[in-house]
Amino acid sequence: MRPPAVEEERAIRYSEVKDLPPEEIGRVARSLTPRLMPKPGVDYKLYLGSRPELREGERLLSYTLSVCPQCYSLLVAMIFERGGRVYERKVCPEHGEFEELYFGDYATYERFRRWQRDGKGVWTPNVKLEALCPYNCGLCPRHKSHTALLNLVATNRCSLRCWYCFFYAARAGYVYEPSLNHIRFMLREARKMLPYPAVAVQITGGEPLMRDDIVEIVKIAKEEGYKHVQVNTEGIRLAFNPELAVRLREAGTNVIYMSFDGVTPYTNPKNHWEVPYALENLRRARLGVVLVPTVIRGYNLHEVGAIIRFGVKHADIVRGVNMQPVSIVGRVPRKEREKMRVTIPDVLLEIEKQTDGQIRREDWYPVPSVVPVSRFIEAITGRPQFELTTHFACGAATYIFWDDDGELIPITRFVDVEGLMQLLEKEAEEVK
Numbered sequence: 001m002r003p004p005a006v007e008e009e010r011a012i013r014y015s016e017v018k019d020l021p022p023e024e025i026g027r028v029a030r031s032l033t034p035r036l037m038p039k040p041g042v043d044y045k046l047y048l049g050s051r052p053e054l055r056e057g058e059r060l061l062s063y064t065l066s067v068c069p070q071c072y073s074l075l076v077a078m079i080f081e082r083g084g085r086v087y088e089r090k091v092c093p094e095h096g097e098f099e100e101l102y103f104g105d106y107a108t109y110e111r112f113r114r115w116q117r118d119g120k121g122v123w124t125p126n127v128k129l130e131a132l133c134p135y136n137c138g139l140c141p142r143h144k145s146h147t148a149l150l151n152l153v154a155t156n157r158c159s160l161r162c163w164y165c166f167f168y169a170a171r172a173g174y175v176y177e178p179s180l181n182h183i184r185f186m187l188r189e190a191r192k193m194l195p196y197p198a199v200a201v202q203i204t205g206g207e208p209l210m211r212d213d214i215v216e217i218v219k220i221a222k223e224e225g226y227k228h229v230q231v232n233t234e235g236i237r238l239a240f241n242p243e244l245a246v247r248l249r250e251a252g253t254n255v256i257y258m259s260f261d262g263v264t265p266y267t268n269p270k271n272h273w274e275v276p277y278a279l280e281n282l283r284r285a286r287l288g289v290v291l292v293p294t295v296i297r298g299y300n301l302h303e304v305g306a307i308i309r310f311g312v313k314h315a316d317i318v319r320g321v322n323m324q325p326v327s328i329v330g331r332v333p334r335k336e337r338e339k340m341r342v343t344i345p346d347v348l349l350e351i352e353k354q355t356d357g358q359i360r361r362e363d364w365y366p367v368p369s370v371v372p373v374s375r376f377i378e379a380i381t382g383r384p385q386f387e388l389t390t391h392f393a394c395g396a397a398t399y400i401f402w403d404d405d406g407e408l409i410p411i412t413r414f415v416d417v418e419g420l421m422q423l424l425e426k427e428a429e430e431v432k
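Using this note's numbering, the letters of the sequence shown correspond one by one to residues 1 to 432.
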């Protein structure tokens, strides 16, 4: 008896489809999905029958799914507390045990966890359920949240080779650069999502400003109905091309999301000398900027307070500072990971120390803490609202004011944030 025939995956040349109308590109894309999804038993294995062991002095918090960093097989992972910190442990039958620091302070973890809220999910997913997470993304019906900030990779080319970059475009070995029609198709598809379409997009890379048609991409995003468009860049081209800043703003860019790893050449070698010129050109163009430090233990963690004060000094142009703890991916040895690893509570603690307690850990709230605002507005208007139902451990935020003496004053000093959100949540339930 012959084995069943295996359908060969269809191969296409991108050069043959990149200039097709967006609708035709969509037809081709749907014909390829989900054939190109990773296949169990071929691209990865499932090891879901066993769980990691809990040891003495450890407290179980939850279980989740994870992948082996060596073979990408699916594993059961355990989230647990030990010594006031939160860790993740997983065991691959082929490559052994992996343990990582997940959240540097258990008390902050529990305070943030109280704010977790699930969204309505995605009613119009792009892919069917063909495999387990994370091999089926696209978005699939398992998603509990709609798109918050759509990331559009305009190119994987980059003018730098930063040693900590998780994107590491050079490893691909080829240039990824979607055509304008393809970009329009992708942006249009995200706008079709229900119950709430994508309204904000980040044009990223690589270095998106390496594309000569970057202004056209911004225009396309605005034409497709995006209210917020931000460009993620190291800002070097903006330092040498003041006209580019003006053209980006006129095309509809709302903010520049600019890398800024520190206030010294040692911590910020990538654009330390260019930043003053980039800021001046953005100032003249009346285009705001968010400073984005990648925070790494032993490298620039000691400058987080100075980075915030730098932002305050340039508050006429700087909208905010978004500190991103380094994303350690791939096959980094454990000792190296532990040297660099920094989590959100670690950053908050350093900010408290380096601002002399002016910004405390308690002044920060997780991303989903603002969900009650959306649900209150939805209750009184009857219209679906944008909800930031992001996982509680994915981020924290606060608002900062300052006086003439330079003292930093968080919003929590004069607003009962927790009480306000609880009130809105209660009112929303009563209106329903």
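Glycine included, every Cβ here is placed at the ideal spot set by N, Cα and C.
Local conformation of M78 per DSSP, three classes | As a working mapping, residue 78 is identified with position 78 in the sequence shown. DSSP places M78 in strand when its eight states are reduced to three.
Per the contact definition of three or more C-beta pairs closer than 8 Å, is the stretch 50-70 in contact with the stretch 83-102?
-> Verdict: yes, contact present.
Tell me which same chain residues have a C-beta within less than 7 Å of the C-beta of P22, skipping the five on either side of it?
-> By one-based count along the sequence shown, residue 22 stands at place 22. Result list for P22: N181, R184, F185, R188, in chain order.
Unbroken beta strand (DSSP E) runs of length 3 or more, entirely within the stretch 111-190: which are they?
-> 150-153
CA nearest to the CA of R114, picked from L423, D403, A393 | For this step, residue 114 is matched to residue 114 along the sequence shown. Per the Cα distances, A393.
Among A379, V122, I359, nearest to T398 - alpha-carbon criterion | The sequence position of residue 398 within the sequence shown is 398, counting from 1. Ranking the options by Cα distance to T398, first place goes to I359.
By the 10 Å Cβ neighbour count, where 16 or more other Cβ atoms means buried, how is Q422 classified, buried or exposed?
-> Along the sequence shown, read from residue 1 onward, the residue named residue 422 stands at position 422. By the neighbour-count rule (16 or more Cβ atoms within 10 Å), Q422 is not buried but exposed.
Identify the continuous alpha helix (DSSP H) that holds P334 and give its terminal residues.
-> Your numbering for residue 334 matches position 334 in the sequence shown. Contrary to the premise, residue 334 reads as Arg rather than Pro in this sequence. 334-340 is the extent of the alpha helix (DSSP H) around R334.
Have a look at F260 and L152 and give me their C-alpha separation to the nearest angstrom.
-> For this step, residue 260 is matched to residue 260 along the sequence shown. For this step, residue 152 is matched to residue 152 along the sequence shown. The alpha-carbon atoms of F260 and L152 are separated by roughly 21 Å.
Close-in-space but distant-in-sequence residues of the same chain around R433 (CB under 7 Å, 5 per side omitted) = Because residue 433 is not part of the residues shown, which for the chain are 1 to 432, the question remains open.
What's the gap between the Cα of D356 and the Cα of G104?
-> Here residue 356 refers to the residue found at position 356 of the sequence shown. Here residue 104 refers to the residue found at position 104 of the sequence shown. Roughly 20 Å between the two C-alpha positions.
Strand pairing of M258, partner residues [DSSP] = Along the sequence shown, one-based indexing puts residue 258 at 258. In the DSSP output, where bridge partners are listed per residue, M258 has T233, L291.
Using a Cβ-Cβ cut-off of 6 Å (strictly less than) and excluding sequence neighbours within five positions of Q202, which residues of its own chain qualify?
-> Locating residue 202 in the sequence shown gives position 202, counting from the first residue. Closer than 6 Å at the Cβ level, and outside the excluded window around Q202, lie L149, N151, Q230, N232.
By Cβ distance, which residues of its chain are closer than 7 Å to L282, with the 5 residues on each side in sequence left out?
-> Start at 1 with the first residue of the sequence shown, and residue 282 comes out as number 282. So the qualifying residues of the chain are L238, A245, I256, V289, I317.
Between the CA atoms of E274 and L61 - distance to the nearest angstrom | Taking the first residue of the sequence shown as position 1, residue 61 is located at position 61. Taking the first residue of the sequence shown as position 1, residue 274 is located at position 274. Their Cα atoms are separated by approximately 46 Å.
Closer than 8 Å by C-beta to V218: which residues in its own chain qualify, once you throw out the five before and the five after it? Chain order, please.
-> Your numbering for residue 218 matches position 218 in the sequence shown. Correct list, in chain order: I203, V229, V231, L248, A251, G252, T253.
Run of the alpha helix (DSSP H) containing P22, from where it starts to where it stops | Along the sequence shown, one-based indexing puts residue 22 at 22. Taken as a continuous stretch (DSSP letters only), the alpha helix (DSSP H) holding P22 covers 22-32.
Got a sec? Which residues, its chain only, sit under 6 Å from V6 by beta carbon, not counting five neighbours each side?
-> Residue 6 sits at position 6 when you count from the first residue of the sequence shown. For V6, the predicted model reports a pLDDT of 45, less than 50, meaning its position is unreliable; a value from the coordinates is still stated below. Contacts found: none.
Less than 8 Å between the CB atoms is what I'm expecting for S179 and K18, so what's the real figure, rounded?
-> Here residue 179 corresponds to residue number 179 of the sequence shown, with the count starting at 1. Here residue 18 corresponds to residue number 18 of the sequence shown, with the count starting at 1. Going by Cβ atoms, the distance from S179 to K18 rounds to 4 Å, so yes, they are a contact pair.
With contact counted as at least three CB pairs below 8 Å, one residue from each stretch, are the stretch 410-418 and the stretch 358-372 in contact?
-> With a cut-off of 8 Å, the stretch 358-372 and the stretch 410-418 count as touching, because enough Cβ pairs lie within range.
Option in P141, G320, L32, E350 with minimal Cα separation from G119 = Position 119 of the sequence shown, counted from the start, is the residue given in the question as residue 119. Nearest C-alpha to G119: P141.
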